[in-house]
Structures are given as structure tokens and as C-alpha cells.
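Structure, as C-alpha cells:
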Amino acid sequence: MSKKLDWIIKQKYVTKKDISFNRCVNKNREYVSLTMRNNVSKTIAPTGYVIFAIDGERVYFSEATKEIGYKLSDKGISGSVSTQIYNDDFTKFIRYHAGDYNIEYDFKNKLYFVDTE
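Taking our numbering, the leading residue of the sequence shown gets 1, the next gets one more, and so forth.
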């Protein structure tokens, strides 16, 4: 080997943001991985189930029932929960808006949201 190798090492990813959206591909199927941190799931979805709506550049969250909602995983030590979202419209949106966001509250609609702008 004639040149020095740059090794890629495991690094802990730390963010103080409340919510992360990541685009994933599994066996030719795309999905969104959602992670909620800082115990925001207790506020947004105390039932442990959540639904989403896209309005422009915003993603709104609402608590849901088991029948219609996406189940959030059990809390880890850090207070983080996650779920996988298989929805073509949401996946297309996240292709351009993957990232980490802080949660905000829309007083007019009385819903929590993230602004992806």
C-alpha cells in the first residue's frame, strides 16, 4: 500500500435536538426512522402511539390510538423512543428534510410540530 489509510472509527452521535428523521432503505423499500429525545414523547404521545401530517415545510404530530398510530418503542435509558414509518408520501418528504429538529407548538392548531425549513 503506497498511501496512508484514513480509518473510519465508531463515534458516538450526540445531539440536543428533540426529533430526528432519517431516510432508510431496507430490501428495496424506503422508510423513515423517527427518533424522539428529551422525553418529548411524553408530551406529544403519552399513549405511545403517534400520527403525522405534513403542511408545507412543517411536520405536525398528534397522539393516536393503537388502531391508527405508529407505535413508539419503549423508552431507553436516555428517554429516547423511535419508530419506523412506511408511508410513501412521508418518505418522499424526508428525502429532502432528513435531520435533527427541535419541537415547537402551534397555538392556533394546538399541535406540536417541527419546521424543516
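For glycine and all other residues, C-beta sits at the position ideal for the given N, C-alpha and C.
Please report the straight-line C-alpha distance between residue 9 and residue 109, rounded to a whole angstrom.
45 Å
Starting from residue 73, follow the alpha helix (DSSP H) in both directions and report where the run begins and ends.
Here residue 73 belongs to no alpha helix (DSSP H), and DSSP marks it neither H nor E.
Do you know offhand how far residue 134's Cα is from residue 7's?
Any answer about residue 134 is impossible in this case: the structure gives the chain only from 1 up to 117.
Would residue 94 be called buried (16 or more neighbouring beta carbons within 10 Å of its own) or exposed?
buried
Per DSSP, residue 54 is paired with what?
59
Count the other CB atoms, across all protein chains shown, that sit within 10 Å of the CB of residue 25; report buried if there are 16 or more and exposed otherwise.
exposed
Taking C-alpha atoms, which residue in 91, 104, 117 and 67 lies nearest to residue 34?
91
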